[in-house]
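Those protein sequence lines, which keep their order, are chains A and B.
Counting in my numbering, the first sequence runs from 1 upward without gaps.
Counting in my numbering, the second sequence runs from 1 upward without gaps.
Backbone N, C-alpha and C define an ideal beta-carbon position, used for all residues, glycine too.
Contents: one structure, followed by commentary.
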Amino acid sequence: MRNLLSANFSRLWRSAWFWLCGLGMLGYTLWEVSQLYAFRAHALTVWEVERADFATPRVGDCSLLLLIAMAVLCPLFLNSDFHDGTIRNKLVVGRTRAQVYLANYLTMLAAALLYTLLYEAVLLLAIGFTVPENLWNAQAVTIKLVGLMPFILSVAALFTLLVQLVRSRGVTVLSILLMVLLLWLPRQQFDRLCEPEEKTLLGGAEVFVEVDETGEPHQFYWRDGQRISEEDLETVPNPRYLAPPQRRLYTFLLNFLPGGQAFQLSDSIDVEGGSGPLMAAYGLLLSMLATGAGLLAFRRMDLK
Amino acid sequence: MRNLLSAHFARLWRSGWFWVGALVMIWFSWIGVDSTRNMLNYGEPASVLDFTLFYVQPLSIALPVFAAVFLNGDYYYGTIRNKLATGRSRTAIYLADLVLIFLVGLIYSLAFLSINLGLGLSLAGAPQTDFLPSWNDILQGLPVSLAVALGIAALSVLLARLVTHRTVPLTALFLGMLLTFAAQWIDQILLIPTELPVYDEAILMVDDSGEPVKGYRKDGVDYTPEDCPKEPNPNCVGEPIHALLTFAQNFSPMGQAYQLSRNSVGTLSASPAPPGVLAAFALGFTAVATGTGLLVFRRKDLK
Chain A
1 MRNLLSANFS
11 RLWRSAWFWL
21 CGLGMLGYTL
31 WEVSQLYAFR
41 AHALTVWEVE
51 RADFATPRVG
61 DCSLLLLIAM
71 AVLCPLFLNS
81 DFHDGTIRNK
91 LVVGRTRAQV
101 YLANYLTMLA
111 AALLYTLLYE
121 AVLLLAIGFT
131 VPENLWNAQA
141 VTIKLVGLMP
151 FILSVAALFT
161 LLVQLVRSRG
171 VTVLSILLMV
181 LLLWLPRQQF
191 DRLCEPEEKT
201 LLGGAEVFVE
211 VDETGEPHQF
221 YWRDGQRISE
231 EDLETVPNPR
241 YLAPPQRRLY
251 TFLLNFLPGG
261 QAFQLSDSID
271 VEGGSGPLMA
281 AYGLLLSMLA
291 TGAGLLAFRR
301 MDLK
Chain B
1 MRNLLSAHFA
11 RLWRSGWFWV
21 GALVMIWFSW
31 IGVDSTRNML
41 NYGEPASVLD
51 FTLFYVQPLS
61 IALPVFAAVF
71 LNGDYYYGTI
81 RNKLATGRSR
91 TAIYLADLVL
101 IFLVGLIYSL
111 AFLSINLGLG
121 LSLAGAPQTD
131 FLPSWNDILQ
141 GLPVSLAVAL
151 GIAALSVLLA
161 RLVTHRTVPL
171 TALFLGMLLT
181 FAAQWIDQIL
191 LIPTELPVYD
201 EAILMVDDSG
211 EPVKGYRKDG
221 VDYTPEDCPK
231 EPNPNCVGEP
241 IHALLTFAQN
251 FSPMGQAYQL
261 SRNSVGTLSA
271 SPAPPGVLAA
281 FALGFTAVAT
291 GTGLLVFRRK
301 DLK
């Protein structure tokens, strides 16, 4: 196993894809830091805030890009085992299929951890040295970092599973399709979960917005040449409102699948019933299920 | 040529990638139907016809990726040498590829349209009002969209035949996405108005029918947006660049696809070329791409 890992790592350091994805991660990190500076300037000048916690909300923001990076790196790096035929060499010298699979999984896991380390190091050092207004909350930051770990385990496991079981050189396309699906599904599900139980019928009324003396926008309605209020409009049950059984399913998927977890870890959506420990448990469960299924299937696979 | 096409089709139906591409087209079509259904639920004006001509946009990514995966097999498995050894000319191979990829594009388009019109009309509907596309608009736009699909097929074959490396599907994906984003970006630039209204504050005026409308107040006088004094917009792009960007938007298949799909939702596009002009650009692009591809492919060292 040690030899397999050593061979994988020496190939990883020389792999252009590893460095390209790392560069992408660095680029995203620098963009995140520039957004932080803009936010800090706005908070200090417009909201007149003296100190605030800038670090905690941003610590989990690498989750989305990590999903994308793994979707690109795993197939490009691991598929060459099939393409170059090196998998046969590994099996001929006496390594078991389980060892080959696990070595590949651990290599991809290491790459994901390195990318996360890059993001967190640059972000936290930038805040530490250049944002003196930051109010550090070490406990919250640590909890967020720990919460990222099961997510990283599950993402690496899922993409390793895909790439190890699909020999075709087009697996990169499949991997990217899976990543797009994992990122698209949570937004659809979250939008449906946010649908109200009742909807307002305009009934011919038009909606306008006016700004009062304090600069606050207000919505008002106009029907048949008369101004009316929102209470005058009729409400009916919303057909797109999700009934409880479906709500539970959507909430489960949002917490279980890596896409929904990525959005929650980066504070993009707030799911009712979603919590850090629950997502961590699901992340560990998914990584064990994916690795177990992958090991089983890989052992039976015809490697030609 | 007939043997080449017959061999392609025999491989096509058994290729998983073909079915994956079709599923992607069906998925995009479903997104449009669901979005229309959602808007109609809230009483917003919407129609599935808004998305009918939109099929060219996912096609501009799905078809190059499929062509890259499918045609690259010739290089990967060495079957191209068999085709040449049995006496087929490189021109015949290239043109057979173009016919195949265009036909796959048509099948993908039909998959999209079957969901959009078949399912969409029953689940959502196609109300006919002033701001929504009419059936006439769709009938006029369909032949143009077929010309654009041919241009996309030509680009796909050009890329797939000239790049032999096994990562060409990824290149095709990035190129498709890059050109689609470029089309959106160029459209935004072309949308920048040449003049901006000069005013002290924006106000709400009441027009002749008693409806509130947006107006501008300058020096105590209220103006409508049309009457308000204007000044040149410093952010507007200068003339040589503006003409270049307009040409690029009309010549690129992704730019054509963007204009076609935007046209169907009203005048959101900055430079909607008339349908005949757009079709001519699409056919022109096909000729240039195919001509270039043939020239390079005939001289290429196929090892």
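Any C-beta of chain A under 9 angstroms from that of residue i
{"i": "proline 212 of chain B", "result": "yes"}
{"i": "asparagine 250 of chain B", "result": "no"}
{"i": "serine 264 of chain B", "result": "Because serine 264 of chain B carries a pLDDT of 47, less than 50, the predicted location of this residue cannot be relied on, and no value is offered for it."}
{"i": "phenylalanine 42 of chain B", "result": "Going by the sequence as given, residue 42 of chain B is tyrosine instead of phenylalanine. With 9 angstroms as the cut-off, tyrosine 42 of chain B counts as an interface residue toward chain A."}
{"i": "leucine 173 of chain B", "result": "yes"}
{"i": "tryptophan 17 of chain B", "result": "yes"}
{"i": "arginine 81 of chain B", "result": "no"}
{"i": "valine 20 of chain B", "result": "yes"}
{"i": "leucine 304 of chain B", "result": "Nothing can be reported for residue 304 of chain B: it is not among the residues displayed for chain B, which extend from 1 to 303."}
{"i": "proline 232 of chain B", "result": "no"}
{"i": "valine 288 of chain B", "result": "no"}
{"i": "arginine 24 of chain B", "result": "The identity of residue 24 of chain B in the sequence shown is valine, whereas the question assumes arginine. By this cut-off, valine 24 of chain B is an interface position."}
{"i": "valine 163 of chain B", "result": "no"}
{"i": "valine 104 of chain B", "result": "no"}
{"i": "valine 65 of chain B", "result": "yes"}
{"i": "asparagine 116 of chain B", "result": "no"}
Sequence-distant residues of the same chain with beta carbon closer than 6 angstroms to residue i, five excluded per side
{"i": "arginine 167 of chain A", "result": "Phe82"}
{"i": "valine 265 of chain B", "result": "Residue placement at valine 265 of chain B is poorly supported in this model, since its pLDDT is 43, which falls under 50; the coordinates are not used for a value here."}
{"i": "tryptophan 13 of chain B", "result": "none"}
{"i": "phenylalanine 102 of chain B", "result": "Leu150 and Ala153"}
{"i": "methionine 1 of chain B", "result": "Ala92 and Ala96"}
{"i": "phenylalanine 18 of chain B", "result": "Leu12"}
Neighbourhood of residue i by C-beta distance below 7 angstroms, restricted to the same chain and skipping five residues each side
{"i": "tryptophan 30 of chain B", "result": "Ile115"}
{"i": "alanine 112 of chain A", "result": "Leu66, Met70, Ile152, Val155 and Ala156"}
{"i": "alanine 43 of chain A", "result": "Val49 and Ala52"}
{"i": "phenylalanine 174 of chain B", "result": "none"}
{"i": "alanine 124 of chain B", "result": "Val33, Thr36, Arg37, Leu40 and Val48"}
{"i": "glutamine 264 of chain A", "result": "Val271, Gly274 and Met279"}
{"i": "asparagine 233 of chain B", "result": "Ile192, Pro193, Thr194, Glu195 and Leu196"}
Nearest-angstrom Cβ-Cβ length linking residue i and residue j, presumed shorter than 8 angstroms
{"i": "phenylalanine 251 of chain B", "j": "phenylalanine 285 of chain B", "result": "6 angstroms"}
{"i": "leucine 162 of chain A", "j": "valine 171 of chain A", "result": "7 angstroms"}
{"i": "alanine 304 of chain B", "j": "alanine 96 of chain B", "result": "Beyond the ends of chain B as shown, which are 1 and 303, falls residue 304 of chain B; an answer cannot be given."}
{"i": "glycine 43 of chain B", "j": "leucine 165 of chain A", "result": "With 8 angstroms as the limit, glycine 43 of chain B and leucine 165 of chain A do not qualify as a contact, their Cβ atoms being about 47 angstroms apart."}
{"i": "histidine 218 of chain A", "j": "aspartate 212 of chain A", "result": "6 angstroms"}
{"i": "proline 253 of chain B", "j": "leucine 155 of chain B", "result": "6 angstroms"}
{"i": "methionine 177 of chain B", "j": "isoleucine 61 of chain B", "result": "6 angstroms"}
{"i": "alanine 55 of chain A", "j": "tryptophan 184 of chain A", "result": "The Cβ separation is near 30 angstroms, so there is no contact."}
Residue i - containing beta strand (DSSP E), residue span
{"i": "isoleucine 203 of chain B", "result": "201-206"}
{"i": "arginine 167 of chain A", "result": "Counting along the chain, arginine 167 of chain A falls outside any beta strand (DSSP E), and DSSP gives it neither H nor E."}
{"i": "tryptophan 47 of chain A", "result": "Here tryptophan 47 of chain A belongs to no beta strand (DSSP E), and DSSP marks it neither H nor E."}
{"i": "lysine 342 of chain B", "result": "Residue 342 of chain B is absent from the structure shown; chain B starts at 1 and stops at 303."}
{"i": "glutamine 226 of chain A", "result": "226-228"}
{"i": "glutamine 249 of chain B", "result": "That residue, glutamine 249 of chain B, is in no beta strand (DSSP E); its alpha helix (DSSP H) goes 239-251."}
{"i": "threonine 235 of chain A", "result": "234-237"}
{"i": "tyrosine 223 of chain B", "result": "221-223"}
Proximal chain A residues relative to residue i, where beta-carbon distance stays under 8 angstroms
{"i": "leucine 158 of chain B", "result": "Residues of chain A passing the Cβ test: none, with the nearest at roughly 19 angstroms."}
{"i": "valine 237 of chain B", "result": "Ordered by position in chain A, no residue passes the 8 angstroms Cβ test against valine 237 of chain B, which lies about 26 angstroms from the chain."}
Start-to-end residues for the alpha helix (DSSP H) that takes in residue i
{"i": "leucine 201 of chain A", "result": "Run containing leucine 201 of chain A: none in the alpha helix (DSSP H); it sits in the beta strand (DSSP E), 198-201."}
{"i": "lysine 83 of chain B", "result": "79-85"}
{"i": "phenylalanine 298 of chain A", "result": "276-300"}
Proximal chain A residues relative to residue i, where beta-carbon distance stays under 7 angstroms
{"i": "tyrosine 76 of chain B", "result": "Arg169"}
{"i": "proline 169 of chain B", "result": "Gly170, Thr172 and Val173"}
{"i": "valine 69 of chain B", "result": "Gly170 and Val173"}
Amino acids of chain B, ordered along the chain, whose beta-carbon sits closer than 9 angstroms to that of residue i
{"i": "lysine 199 of chain A", "result": "Asn41, Tyr42 and Gly43"}
Test: residue i CB closer than 9 angstroms to a CB of chain B
{"i": "phenylalanine 18 of chain A", "result": "no"}
{"i": "leucine 162 of chain A", "result": "no"}
{"i": "isoleucine 228 of chain A", "result": "no"}
{"i": "glutamate 206 of chain A", "result": "yes"}
{"i": "arginine 300 of chain A", "result": "no"}
{"i": "leucine 76 of chain A", "result": "yes"}
{"i": "tryptophan 222 of chain A", "result": "yes"}
Under 8 angstroms from the C-beta of residue i: neighbouring residues of chain B
{"i": "phenylalanine 190 of chain A", "result": "Correct list: empty, because the minimum Cβ distance to chain B is about 14 angstroms."}
{"i": "histidine 218 of chain A", "result": "Here the premise fails: no neighbours, minimum Cβ distance about 12 angstroms."}
{"i": "histidine 83 of chain A", "result": "Arg166"}
Per-residue contacts from residue i into chain B (C-beta, under 7 angstroms)
{"i": "methionine 202 of chain A", "result": "For clarity, residue 202 of chain A is leucine in the given sequence; the question names methionine instead. Residues of chain B passing the Cβ test: Gly43."}
{"i": "arginine 240 of chain A", "result": "Asn38 and Asn41"}
{"i": "glutamate 210 of chain A", "result": "Leu204"}
{"i": "isoleucine 328 of chain A", "result": "The structure shown does not extend to residue 328 of chain A, since chain A is modelled only from 1 through 304, so no value can be given for it."}
{"i": "isoleucine 176 of chain A", "result": "Leu173"}
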